[in-house]
Amino acid sequence: MTIEDKSEPVMLDMIDALNAYAWALDTQQEEPLSRLFAQNVIARVSIEGQPEPIHAWAGRERVVAGLLDMRRAMPRWKGQHLTTPLFSAVASSRATVRSYVSLFRADAGQTPVLAATGKYKVEFSNAGSGWAVDQIELVWNGEPVD
Numbered sequence: 008m009t010i011e012d013k014s015e016p017v018m019l020d021m022i023d024a025l026n027a028y029a030w031a032l033d034t035q036q037e038e039p040l041s042r043l044f045a046q047n048v049i050a051r052v053s054i055e056g057q058p059e060p061i062h063a064w065a066g067r068e069r070v071v072a073g074l075l076d077m078r079r080a081m082p083r084w085k086g087q088h089l090t091t092p093l094f095s096a097v098a099s100s101r102a103t104v105r106s107y108v109s110l111f112r113a114d115a116g117q118t119p120v121l122a123a124t125g126k127y128k129v130e131f132s133n134a135g136s137g138w139a140v141d142q143i144e145l146v147w148n149g150e151p152v153d
């Protein structure tokens with residue numbers, strides 16, 4: 008795929024979607040998170056250098072539940088996402104976005120601490136009813152710190 012002349016609005020839509028994803032996950036909001044995913048979405052979470060994902064889910068309900076359960080069950084993964092998108096491919100109905108991610112956490116009244124860094128690869132499609140995430144992969148550079 009190539010970047011088309013009219014790709015800027017699409018790229019802005021992708022940035023909005025990544026920000027909405029990060030906000031919904033950070034605040035553990037099921038409904039806004041669910042709206043971002045296609046019905047048959049696939050999600051994987053890995054640690055760089057490990058041969059298998061530490062989490063993998065398929066289907067909107069399982070992906071949303073899995074992501075939210077991961078956030079609730081692992082205190083060291085709770086925090087605020089900061090994403091920096093890099094566009095791999097953009098077309099009128101498909102887009103692939105790679106994004107660096109930093110996860111910050113802070114206890115009440117404390118200075119935020121960088122808990123983890125990694126990267127996302129997100130594949131979007133638009134079948135006419137708006138953009139949806141078809142596949143999302145998060146690879147942490149290492150275990151998030153406590």
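Using this note's numbering, read the sequence shown as starting at 8 and increasing by one per residue. All C-beta atoms, glycine included, are put in the ideal place defined by N, C-alpha and C. The structure displayed is predicted, hence computed values, not measured ones.
Excluding sequence positions up to five away, which residues of its chain have a Cβ less than 7 Å from the Cβ of Met18? Phe94 and Val97
Spatial neighbours of Asn133 within its chain, please: C-beta separation below 6 Å, excluding the five flanking residues on both sides. Ser100
Using 8 Å as the cut-off, can you tell me whether the segment 59-73 makes contact with the segment 36-44, which would need three or more C-beta pairs spanning the two stretches below that distance? Judged by Cβ distances under 8 Å, the segment 59-73 makes contact with the segment 36-44, as three or more pairs qualify.
With 16 other CB atoms within 10 Å as the buried threshold, where does Met81 fall? exposed
Flag this pair as yes or no: are the beta carbons of Ala27 and Pro16 separated by less than 8 Å? no
Leu121: which of Ser53, Gln87 and Arg105 sits nearest, CA to CA? Gln87
How big is the Cα-Cα spacing for Thr34 and Ser14? C-alpha separation (whole angstroms): 30 Å.
Keeping to the same chain, check which residues put their C-beta closer than 7 Å to that of Lys126; ignore five residues upstream and five downstream. Arg105, Ser106, Tyr107, Val108 and Val146
Which residues in the same chain as Gly149 place their Cβ atom closer than 6 Å to its Cβ, once the five residues preceding and following it in sequence are excluded? none
Tell me, which residues are paired with Ala102 by DSSP? Val97 and Phe131
Can you say whether Ala102 is buried or exposed, counting buried as having 16 or more other CB atoms within 10 angstroms of its CB? When all chains shown are included, Ala102 counts as buried.
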